[in-house]
Amino acid sequence: MEFKKMSWVLACVGFMFLGLCKANGNTHYYDFVLTELNFTRLCETKTILTVNGTLPGPTITVRKGDTAFVNVHNQGSYGVTLHWHGVKQPRNPWYDGPENITQCPIQAGSNFTYEVIFSTEEGTLWWHAHSDWTRATVYGAIIILPKLNTTYPFTKPDGEETLVLGSWYKGDVNEIIKNALATGGDPNVSDAFTINGEPGDLVNACSNATTYRWVVDYGKTYLLRLVNAVLNEEMFFAIANHNLTVVAQDGAYIKPITTSYLMITPGQTMDILVVANQSPSHYHVASHAFVDGDVAFNNRTTSAILQYNGSTTPSTIPTPILPDFADGTAASNFTTQVRALASKDYPISVPLHITHTLFISVSINERICPNSSCDGPDNNALAASLNNISFVTPSIDILQAYYGSINGVYSANFPHKPYIFNFTGHVRNDTIYPYFGTKVRMIKYGEEVEIIYQGTNMIAAENHPMHLHGFSFYLVGTGSGNFDPNQAPKTYNLVDPPEVNTIGVPKNGWATVRFKADNPGVWFMHCHLERHASWGMATVLIVTNGHTTETSMLPAPAYMPPCK
């Protein structure tokens, strides 16, 4: 719920002493109460952690350039942090949220107020827990409207709808990943996908009555805000008999793409125009997994119902034909169409003079188990890495260690390139076992950065949705096979590459992104498939302060959750 501003005056005064209350844009105030409640799905009842008692949690609505203060009251039984996915938080890593990266958890029985600074983002983003697998039930949408007296780069729609794709587990999600890490095997797959918290009527009879319904009027155009909050699968999505016109991704406008389906990775958001121009009736909205690797996955289809106002339920509700689960061509045919709008009113600025290059191999690995006692490949444990380094989360957050010059928490020697081998071909045993450590990469303020993500054929090759906190980056190129430094750059799109925060690194392929390091702070970079992040497919980029106050991190808040 959004609180009246007067009830927050004293809190804001406290922030003002740190120079954190913003003169630009409006200020919004939210209260998020974390509580454990019983929810029934798939004919079974379980206790889950929720925000304000709903699934998904509340939507944050602001305008471009606004600031939101979110007071999180943790009435659950364990520590939690929240992350504002895709919000750049300029100079403000203190409130970015990843556990033990920029803060320690908000302990049960305590509260913490986040300051969320919006800058260039416009469109749809989202927020979620960033502790273990708690984001399975702790998540919600962020709507960033255009500034006052401005409008969309398309005709204003007649209405809006927000749909959030999620994962539902019958078991306790944190126990599931805890057990998997202890035994070394793959964690259990989810039991259902959900749309706005409901599995839908294509799963089982228990879900029929609660299937989410989106009511529309014939002839009107709607702006659909779509969020993929699924834990471990990329998703195909479609609406029966209706075209989708995708106009934005990750809080930035793109050239419109009209399509019968789309593919969206965990972490991504899309803004889509839908015209209610079919015979007034009921139509299925449906989504199922895209998985192009030899891995276990949830093969169920979640659904909602697009319901025309005044229509009656047909004997059979039309269902869209989604691409096959492993249809990489269908996925690529959609994703390669995405281009930035790059107009006069919505310009882009692609770095052209690269001063800092990172070549990062993205791999699934093994961790050797004593006496071959684990449940992973070769009786070892599953692991994951970037540049053959499997990230180990420290017990003290890295931002505190960096800001306070605390030694022994991390080492600043994450390599700029990996051990070179035939990444997408035959993999030798000496590349399977990573180094385990907390290594970060230091980047000077103002550098123009290029990152080449190289997928590998180790253990189980698949598409990897890579996400960087604190920045949007330009996806300038993708390709199959090993990256060729002589030929691949010739294919780069430097004219209208999409500006995004999460990109899919193709299975046994590569992806190149660019950004300017103009946001000082400690920023997490990781795969947004939760099992891969849990196995260590992550690192941290630290962008140093510039030479002025305006190019340096904001001062440390008076209070941060203590590390225990």
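All the letters of the sequence shown, read from the start, carry residue numbers -23 to -1, 1 to 541 under mature numbering (1 follows the signal peptide of the UniProt record, and there is no 0). Even for Gly, the Cβ is constructed at its ideal location relative to N, Cα and C.
Ordered along the chain, which non-local residues of its own chain (more than five positions away) have a Cβ less than 7 Å from that of T160? C351 and D352
For A308, which three-state DSSP category applies? helix
If I'm right that A317 touches D473 with Cβ under 8 Å, what's the distance once you round it to whole angstroms? Confirmed, about 5 Å.
Assign T160 to one of three DSSP states: helix, strand, or coil. helix
With a threshold of 7 Å on Cβ separation, who are the neighbours of N29 within its own chain once the five nearest residues in sequence on each side are excluded? For N29, the CB contacts under 7 Å within the same chain, skipping 5 residues up- and downstream, are M(-23), F9, V10 and P35 in chain order.
Please state the DSSP three-state secondary structure of residue 556. The first residue shown for the chain is -23 and the last is 541, placing residue 556 beyond what the model contains.
From I231 to L102, what distance separates their C-alpha atoms? 15 Å
Can you grab the Cα-Cα spacing for the pair G63 / P442, in whole Å? 14 Å
Would you call the stretch 456 to 463 and the stretch 510 to 522 touching, i.e. three or more CB-CB distances under 8 Å? No: fewer than three Cβ pairs fall under 8 Å.
For E99, does the count of other Cβ atoms within 10 angstroms reach 16, so buried, or fall short, so exposed? buried
Just mark E211 as buried or exposed, buried being the case when its beta carbon has 16 or more other beta carbons within 10 Å. Its Cβ being crowded by 16 or more others within 10 Å, E211 is buried.
Check whether the stretch 282 to 296 and the stretch 252 to 269 touch, using three or more Cβ-Cβ pairs below 8 Å as the test. yes
Kindly list the residues whose CB is nearer than 6 Å to the CB of L531, restricted to its own chain and excluding five residues on each side of it in sequence; keep chain order. R68 and N69
Which class does C183 belong to by DSSP, given the choice of helix, strand or coil? helix
For E175, does the count of other Cβ atoms within 10 angstroms reach 16, so buried, or fall short, so exposed? So E175 counts as buried.
Note down, in chain order, each residue of its chain lying with its Cβ closer than 8 Å to the Cβ of K484, except the 5 sequence neighbours on either side. D269, G270, G305, G432, A438, E439 and N440
What are the partner residues of G481, as DSSP defines its beta bridges? P442
Quick check on the DSSP output: the beta strand (DSSP E) that includes W512 runs from which residue to which? Not the beta strand (DSSP E): W512 falls in the alpha helix (DSSP H), residues E507 to W512.
Start and end of the beta strand (DSSP E) containing I94? N88 to I94
Assuming F131 and L208 make a contact with CB atoms under 8 Å, what is their CB distance in whole Å? Their Cβ separation, rounded to whole angstroms, is 32 Å, which puts F131 and L208 out of contact at 8 Å.
Compare the beta carbon distance of I397 and I337 with 8 Å and say whether it is the shorter of the two. no
Step through the CB atoms of chain C and report whether any lies within less than 8 Å of the CB of A510. Any reference to chain C falls outside this structure, which holds one protein chain only.
Whose C-beta lies closer than 7 Å to the C-beta of L452 among residues of the same chain, with five residues either side of it excluded? P474, P475, V477, I480, A488 and V490
In chain order, what are the residue ranges of uninterrupted beta strand (DSSP E) at least 3 long that sit wholly in the stretch 29 to 64? 37 to 40, 44 to 51 and 59 to 62
What does the Cβ neighbour count give for E92, buried or exposed, with the cut at 16 atoms within 10 Å? buried
Hey, how far is the Cα of N173 from the Cα of W110? 18 Å
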